[in-house]
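Q: Here the sequence shown is numbered in the numbering used here, starting from 1317 and rising by one per residue. Even glycine gets a Cβ: it sits at the ideal position worked out from N, Cα and C. Predicted, not measured: the structure shown is a model, and the values here were computed from it.
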Amino acid sequence: MVNLNLTARYVLTNAVLDSSQVLSSTSANDSLIIQTANSDGTVLYSHSWYFTEGNTTDTFRLHTVEKGDYYALDISNFRTSESLVPHFFSTGDGPEYNGQFWSLKDQDDGSVKLSNGWTGGEMYLEVFKDDLSMKLTGGDTTGQNWILSQLGSPATTTRPTGTINAATVTPPASTPFSGASTTCVSTASSCIAETSSPTASLIASSASNKLKTGVIVGIAVGAAAAVVFAFLAAYYFIRRRRNRRPGPGSMGNISFHDSQPRL
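1) Can you confirm whether the segment 1376 to 1388 touches the segment 1436 to 1445 when touching is taken to mean that 3 or more C-beta pairs between the two stretches lie within less than 8 Å?
2) From serine 1431 to aspartate 1425, what does the alpha carbon distance come to, in whole angstroms?
3) Given a cut-off of 7 Å, decide if tryptophan 1462 and asparagine 1330 are closer than it, judged by their beta-carbon atoms.
4) Given a threshold of 16 other Cβ atoms within 10 Å of its Cβ, counted over all protein chains shown, does proline 1402 qualify as buried or as exposed?
5) Nearest by alpha-carbon distance to aspartate 1456: which of Gly1468, Val1443, Gln1466, Gly1538 is it?
6) Measuring alpha carbon to alpha carbon, tell me which of Ala1540, Leu1389, Ala1353, Gly1357 ends up nearest leucine 1441.
7) Quick one: give me the first and last residue of the beta strand (DSSP E) that threonine 1457 is part of.
8) Which class does glutamine 1423 belong to by DSSP, given the choice of helix, strand or coil?
9) Could you please give me the residues that DSSP links to serine 1340 through a beta bridge?
10) Measuring alpha carbon to alpha carbon, tell me which residue in Ser1427, Arg1377, Gly1410 is nearest tryptophan 1365.
11) Compare the C-alpha of serine 1341 against each of Asn1354, Phe1404, Thr1373 and name the closest.
12) Leaving out five residues before and five after leucine 1400 in sequence, what residues of the same chain have Cβ atoms less than 6 Å from its Cβ?
13) Let me check one thing: in DSSP terms, what residues is glycine 1436 bridge-paired to?
14) For leucine 1400, decide whether its Cβ has a neighbour in chain D, counting only Cβ atoms nearer than 7 Å.
15) Under the assumption that glutamine 1467 contacts valine 1359 (Cβ atoms under 8 Å), give the Cβ distance between them as a whole number of angstroms.
16) Is valine 1543 helix, strand or coil by DSSP?
17) Would you kindly check if the distance between the Cβ of valine 1332 and the Cβ of leucine 1420 is under 7 Å?
18) Tell me whether threonine 1380 is buried or exposed, calling it buried when 16 or more other Cβ atoms sit within 10 Å of its Cβ.
19) Give the straight-line distance between the Cα atoms of glycine 1459 and glycine 1408, rounded to the nearest whole angstrom.
20) Among Gln1423, Val1428, Asp1422, Ile1391, whose alpha-carbon lies nearest the alpha-carbon of tyrosine 1413?
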């Protein structure tokens, strides 16, 4: 039985591949792939594996630090040839999750074979050198022999970003969010800035200038309307006064009948 350290991380390589080619997850989907390790000795989180306890004392779930505790290497079913291809799936309990429980079988050269609780102890995870594809196969082939290289950093239940080496976690340096007037920094590929970008600031400034212009025009139109209204009111008032003024000679011409006393 393989002596595993459940608090350690491992890199998995294969006897048929170059030592720089490692077993890996990918953030793009749930596939299991082979990638080339970093030449500077750092190990990507997608290349860093750790084990958690399975449903028996001699079985384990396999995780990458990139995927975390809640996704494990799995086999969905055993009904078609396509279902022999491993992939990552959310963890769970019950017989339908037996594909997540793996056994490690020691080999004389120090490598191990990985069998699965769903496909049984006579089929092992194999990689094919020509196209780097993988699936569960029977028999005894070199592509079934995996080499576990333990790293020095303990496993974690978090899902950080960046890279690790055999001694310590070394996330990339924080860099300001490009193109934005903000204090937001990011250690990942992107960052959501809390303040506006230069484009947004330009739009806001343009909108402000348009608002100021609108206010000025509104005031000018209002003032002109007030002047016109005052002029019309004055003109109307003068016209009414003239219409009510008596005509020439009408003042003092009292009618004879009006001057006679009424009986």
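A: Answer, in terms of the structure:
1) By the criterion of at least three beta-carbon pairs nearer than 8 Å, the segment 1436 to 1445 is not in contact with the segment 1376 to 1388.
2) Serine 1431 and aspartate 1425: Cα-Cα distance of roughly 18 Å.
3) Yes, Cβ-Cβ distance for asparagine 1330 and tryptophan 1462 is below 7 Å.
4) Answer is buried; the Cβ neighbour count reaches 16.
5) Measuring from the Cα of aspartate 1456, the nearest candidate turns out to be Val1443.
6) Cα-wise, what sits closest to leucine 1441 is Leu1389.
7) No beta strand (DSSP E) holds threonine 1457; DSSP gives it neither H nor E.
8) Here glutamine 1423 sits in coil by DSSP.
9) BP columns for serine 1340 point to Ile1349.
10) Distance from the Cα of tryptophan 1365 is smallest, within the candidate group Ser1427, Arg1377, Gly1410, for Arg1377.
11) The closest CA to that of serine 1341, considering only Asn1354, Phe1404, Thr1373, is found on Phe1404.
12) Here the set comprises Lys1451, Leu1452.
13) Secondary-structure assignment with DSSP links glycine 1436 through a beta bridge to Asn1432.
14) You won't find chain D in this structure, because it holds only one protein chain.
15) Sequence check: residue 1467 is leucine here, not glutamine. The beta-carbon distance between leucine 1467 and valine 1359, rounded to whole angstroms, is 6 Å. This is short enough to meet the 8 Å contact definition.
16) DSSP places valine 1543 in the helix class (H, G or I) of the three-state scheme.
17) For leucine 1420 and valine 1332, no; Cβs fall outside 7 Å.
18) Threonine 1380 counts as buried, since no fewer than 16 other beta carbons sit within 10 angstroms of its beta carbon.
19) Approximately 29 Å, taken between the alpha carbons.
20) Tyrosine 1413 has its Cα closest to that of Ile1391, out of Gln1423, Val1428, Asp1422, Ile1391.
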